[in-house]
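Residues -29 to -1, 1 to 871 in mature numbering (1 follows the signal peptide of the UniProt record, and there is no 0) are what the sequence shown spells out, letter by letter. Don't be surprised by glycine CBs; every beta carbon is placed ideally from N, CA and C. Computed from a predicted structure; not experimentally measured. The structure appears right after this line, and notes come after that.
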Amino acid sequence: MRHPRWIAASAACAVLLGTFAAVAPPATAATTDTLSVDFATTTGDFRGGASGTLYGLGDAGAPTSALINGAHLTNTSQKAPFGTQHPSGDALKVENGFFAKNGTQLDIYVQDYYPDWPYNGGKRPGDDRTYNQADGTYTNQSNGIWDYLEVVEFVTEAVATKSAHPNDYVFIPFNEPDGGNWYADNTVFTQQFLPDWKAAVEKIRAVYARHGLGDPVIGGPGDASWRATRTATWLDYAKQTNTLPQFMIWHELGIDNLATYRSHYAEYRKLEADRGISPRQINITEYGLLRDMGVPGQLIQWFSMFEDTKVDAQTAYWNYAGNFSDNSARPNGANAGWWMFKWYGDLAGSKTVKVTPPQLNVADTLQGIGAIDATDKKATVLYGGSGADTVSLALNGLSSSVFGSRVDVEVREAPLSGAEGLAATPRVVASLSGVTVTNGGLQVSVPNYDRYAGYQVVVTPQRDAVATTVQPWSTSIEAEDTAITGATVYDQSPTGNGGWIFLASHGRDVGSFNNASAKADWTVDVPRDGTYRFQVIGATPGTPGRHALFVDGASAATVQYTADLALNNTSKWKYRGSAEVTVALKKGSHVLSLRASANGSAVLPNSDITLDKFVLTDVTDGERTVYPASTIRLAGAAALAYDVTGARGSARIGSDGRADVYATAFDSGYYDVRVDYRTTGASDVAVDLNGRRVATASASSAGTWSTTARLHLAEGINEIEVRSQSGILLSSVTTTRVTSADSAAIKVEAESGTRVGAVAVGTIADSTGTNASGGKYVGYLGNGAGNTLTIPRASGFNTAGDYDVVVKYTNAEVSGRHDYNPQVVDRRLQVSESGKGLVGEGYFRYTYSWNSFWEKTIPVTLTTSGGALVLGNDGPYAPDVDYVVIAPVRVGQPSTVKLG
């Protein structure tokens, strides 16, 4: 059950409660964990390196720029050029998107040239091949050169000659040499690995030297776990042969590593010091288990260790490329883990501070990161992992010279939403306004949803701000806490299967939902007559499925699920996504009944779906979501300001600054995007959406202003950038769904378009549980320029301008095999305008089943009023297409009003 939303402080204050529905606290004795944060004791510049990911990027645009930029990825390991280990993730193909905003170093696993795991059948290659240095192809004949050294050379040559960022790459010659990849035996290690290391390093350096690129950045040795003895031997050899890398690399993967990592770090630093080696940068290029991915309360435990030691680190790649190692949802959505990445990235430019948890170096306990930004006058705490009912935050060192005598405190919560479950923008669950700070200290107590949730606490001087807790009503319940009939509650231990498990909210879920009597009844009180979004977090293994939703005994809606990962017993039933449906409810008490059968006698298609949690949210007024300046990411010279009465705590933005908002849309469609700001004279404001300028406005005089543009947002995360040349004080950005405006968009069923070449209409039986519109789709697009689908221009998109093309698609292609990674293929779809050529394209990620359809948005700019849209791919096959929605990116002109 959801805990009551309340907050307590040790000083007198105004308390503004969140809008979650309260439920009774548990009957057992309440427990409390205390996290102490000393903002007066800094521990160094924020590094932000733990946001790395291994194969987190698939192909260009998969994931989207909004997801990449919002997650603030600074480092990633990807496939080497010409690599065959995975179908996607080639470094050269993803580098532009990665380096566009926050990326600083792109690592490549050179051995991922090989298609198998372990590499080359687990055996060190000899000289059996002759490689073509231009494209990595080979013939089966020897040429007197060690085969792998040829691989190292053409991979390095490709980066040196084809990358726009060759000096930002990190070459990792060997991956897990201790774990079965050629050199696990200690004798082989000393007699073969060491000279091979030298040869690889010297080859990489030689390639860069001949292109005048200076010293390449190299990382090693790349062990699968911390190996003190091997590392000592390797350091001695590398120092002696002048082959020390710039980055020290090893992996920290297991549950116990949450307890042992700091000792490994200290042991390594001592090995360096004992040998007179200057400190190397460190990148833990793989960390965490399945149970950690997408889980804020787990991720923060890893983040805190790596940030404490100022190293870089990358989430392990356990499933497939292109979703940040299970830390994003669907093609463009955030799960709860993504929000922890986003919060962590928001700390850029700050100083970290001393944090004292109840226990250090103990796995699965309360941990946190504290940071202070003296320029913005903002203190932040990120925490999670507590199993207690309440977390008490002892906030100290809040200097009066920075914060004054009164502060505002906001607490936001990101509860577990499943790997593919869409997570809403984290809600304010508690807020303090104008609370007095006593001797630099403040005690704050926050109810804890569960150990898997993550929290962000923001402390600023008292602001003149929008009350951010004025937000839509929402409540949730764990599936196991509903009235269950015909199904079973299962425990999902966080240490089960050695951590090789996907976690369930509160550690339990409901399964065996596979018979006509199966149902889960939730009695819930809603505050008013209106429209409510009912969200189910659950796992639909490998195929789409359906449930029936009854309200007070009457059929109300069909809940349509898309497929989730079901690679093996590890993921089947546990890799959770979400399904959403809206229902009209009257004020008062209702029984929401989720059922496997719509008629009580026959089960719905693929209804055997595990249930984790239900969330009910009031969307009657468009789910107004406020992004206050205190949580907006500021770039350049932009900073929070407190020197203008009426705008204290707003973001001062001028020609050398920018504000970035990462806004959630549960549906693709139209939203009013409102920018509230204050000016000290005549000024201007500009809004970019997902990389395109969509609105400009001007304020004629000093005052408080509001500019609103009706914009088309993509499902998931949208990047909104606010700029001003003359300068504004930005107080907030607000998004509000306007479903009535969706009539400006045109929906075209793919089968109604004109098909050319091999393109054909396919049908899917309703009994498969598919979410295909009308059970039809168009397939065999692409595989050459002659196989296309043409959509003629019509009213609604018959003028030149900027549009969003929303494609409902499916793609379940895999290529090759791997011991545990599904080798997914990102399929490309190109959009052309007749007579003008290519106007947009995108890579479409894996949907788990050919019967399961998701959506992805391609931005296009059309220059004619009559040129038809042509969909296809001049390369391999494009995804199958169900329908296309074509929407002007903006409806009407922006409006600007003076508020005061």
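Cβ of residue 873 within 7 Å of Cβ of residue 709?
Nothing can be reported for residue 873, as the shown portion of the chain is limited to -29 through 871.
- Could you have a look at residue 865 and say whether DSSP puts it in helix, strand or coil? Correct three-state label for residue 865: strand.
Per-residue DSSP class, three states only, for residue 700:
Strand at residue 700.
task: Apply the 10 Å Cβ neighbour rule to residue 578 and answer buried if 16 or more other Cβ atoms are within range, or exposed otherwise.
output: Residue burial is scored here from C-beta neighbours: residue 578 has at least 16 other C-beta atoms within 10 angstroms and is therefore classed as buried.
* Sort 694, 761, 312, 728 by Cα distance to residue 385 and report the nearest one. => Comparing C-alpha distances from residue 385 to each of 694, 761, 312, 728 shows the shortest one belongs to 312.
Checklist entry - According to DSSP, what are the bridge partners of residue 447? => result In the DSSP output, where bridge partners are listed per residue, residue 447 has 586.
- Task: Could you tell me which residues DSSP pairs with residue 132 in its beta bridges?
- Result: Beta-bridge pairing links residue 132 to no other residue.
Query raised in the report: To the nearest whole angstrom, what separates the beta carbons of residue 316 and residue 267, a pair I think is in contact under 8 Å?
Result: Taking 8 Å as the upper bound for CB-CB distance, residue 316 and residue 267 are not in contact here, some 14 Å apart.
- From residue 841 to residue 852, what distance separates their C-alpha atoms? Rounded to whole angstroms, residue 841 to residue 852 spans 13 Å at the Cα level.
Assuming residue 78 contacts residue 149 under a Cβ cut-off of 8 Å, what Cβ separation, rounded to an integer in Å, is found between them?
-> Residue 78 to residue 149, Cβ: 18 Å. No contact.
Item to complete: Whole angstroms is fine: what's the gap from residue 548's alpha carbon to residue 460's?
Response: In this structure, the CA atom of residue 548 is about 18 Å from the CA atom of residue 460.
On the premise that residue 292 lies in contact with residue 60, defined as a C-beta separation below 8 Å, what is that separation, rounded to the nearest angstrom? Going by Cβ atoms, the distance from residue 60 to residue 292 rounds to 4 Å, so yes, they are a contact pair.
May I ask which residues mark the beginning and end of the alpha helix (DSSP H) holding residue 598?
Residue 598 -> not in any alpha helix (DSSP H); beta strand (DSSP E) instead, spanning 596 to 599.
_Rounded to the nearest angstrom, what separates residue 251 and residue 232 at their Cα positions?_
Between residue 251 and residue 232, the C-alpha separation is close to 17 Å.
Original post:
With distances taken from CA atoms, which of 477, 754, 27, 211 is nearest residue 296?
Top reply: Taking only the C-alpha atoms, the option nearest residue 296 is 27.
- Inter-stretch contact (C-beta, 8 Å, three-pair minimum) for the region 405 to 419 and the region 568 to 585: In short, these stretches do not touch, since the Cβ pair count stays below three.
What does the alpha-carbon distance come out to for the pair residue 507 and residue 539? Cα to Cα, residue 507 sits roughly 23 Å from residue 539.
Secondary structure of residue 271, DSSP reduced to three states: Three-state DSSP puts residue 271 in a helix.
For residue -3, which residues of its own chain have a beta-carbon under 7 Å away from its beta-carbon, when the five flanking residues on both sides are left out? With a pLDDT of only 49 at residue -3, under 50, the local geometry of the prediction cannot be trusted, and the value read off the model is given with reservation. Taken in chain order, the list of residues that qualify is empty.
Check your understanding: So what does DSSP say about residue 477, is it helix, strand or coil?
Key -> When DSSP states are grouped into helix, strand and coil, residue 477 belongs to the helix group.
List the residues that DSSP assigns as beta-bridge partners of residue 827. Beta-bridge annotation (DSSP): residue 827 is paired with 778.
Residue ranges of each beta strand (DSSP E) within the region 539 to 593, 3 or longer
Whole beta strand (DSSP E) segments, 3+ residues: 548 to 556, 559 to 566, 581 to 589.
Could you tell me whether the Cβ of residue 676 comes closer than 7 Å to any Cβ of chain C?
No chain C appears in this structure, which consists of one protein chain only.
Judging by CA-CA distance, which residue of 230, 69, 488, 569 is the nearest neighbour of residue 528?
In this structure, 569 is the residue among 230, 69, 488, 569 with its C-alpha nearest to the C-alpha of residue 528.
Q.
Quick check on this structure: which residue in 219, 339, 123, 237 has the alpha carbon closest to the alpha carbon of residue 6?
A. In this structure, 339 is the residue among 219, 339, 123, 237 with its C-alpha nearest to the C-alpha of residue 6.
Cα-Cα separation between residue 248 and residue 191, rounded to whole angstroms:
If I take the Cα positions, the gap works out to 15 Å.
For residue 594, the nearest candidate out of 611, 866, 635 (CA to CA)
For the residues 611, 866, 635, the minimum Cα distance to residue 594 belongs to 635.
Open item on the list: I need the DSSP call for residue 467, collapsed to helix, strand or coil.
Closed with: Shown here, residue 467 sits in a helix according to DSSP, grouped into three states.
Under 6 Å Cβ to Cβ from residue 687, same chain only, skipping five residues before and after it: list those, please. Within the same chain, Cβ atoms closer than 6 Å to the Cβ of residue 687 are found at 303, 304, the five residues on either side in sequence being excluded.
Using only the alpha-carbon positions, how far apart do residue 653 and residue 492 sit? Per the coordinates, the alpha-carbon of residue 653 lies some 57 Å from the alpha-carbon of residue 492.
task: Could you tell me the boundaries of the beta strand (DSSP E) in which residue 340 lies?
output: It spans 338 to 344 - the beta strand (DSSP E) in which residue 340 sits, taken as one unbroken run.
query: Would you call the region 378 to 393 and the region 421 to 439 touching, i.e. three or more CB-CB distances under 8 Å?
result: Three or more beta-carbon pairs drawn from the region 378 to 393 and the region 421 to 439 are found closer than 8 Å, and the two stretches are therefore classed as touching.
TODO: Please find out if some non-hydrogen atom of the ligand FMN comes closer than 6 Å to the beta-carbon of residue 28.
DONE: No copy of the ligand FMN appears in this structure; indeed no ligand is present at all.
Element boundaries [alpha helix (DSSP H), containing residue 200]
Start and end: 199 to 211.
- Message: If the criterion is Cβ atoms closer than 7 Å, does the pair residue 130 and residue 140 meet it?
- Response: A Cβ-Cβ contact shorter than 7 Å links residue 130 with residue 140.
Next item on the list: Would you list the one or two residues that DSSP bridges to residue 505?
Entry: Among the bridge pairs identified by DSSP, residue 505 is matched with 552, 587.
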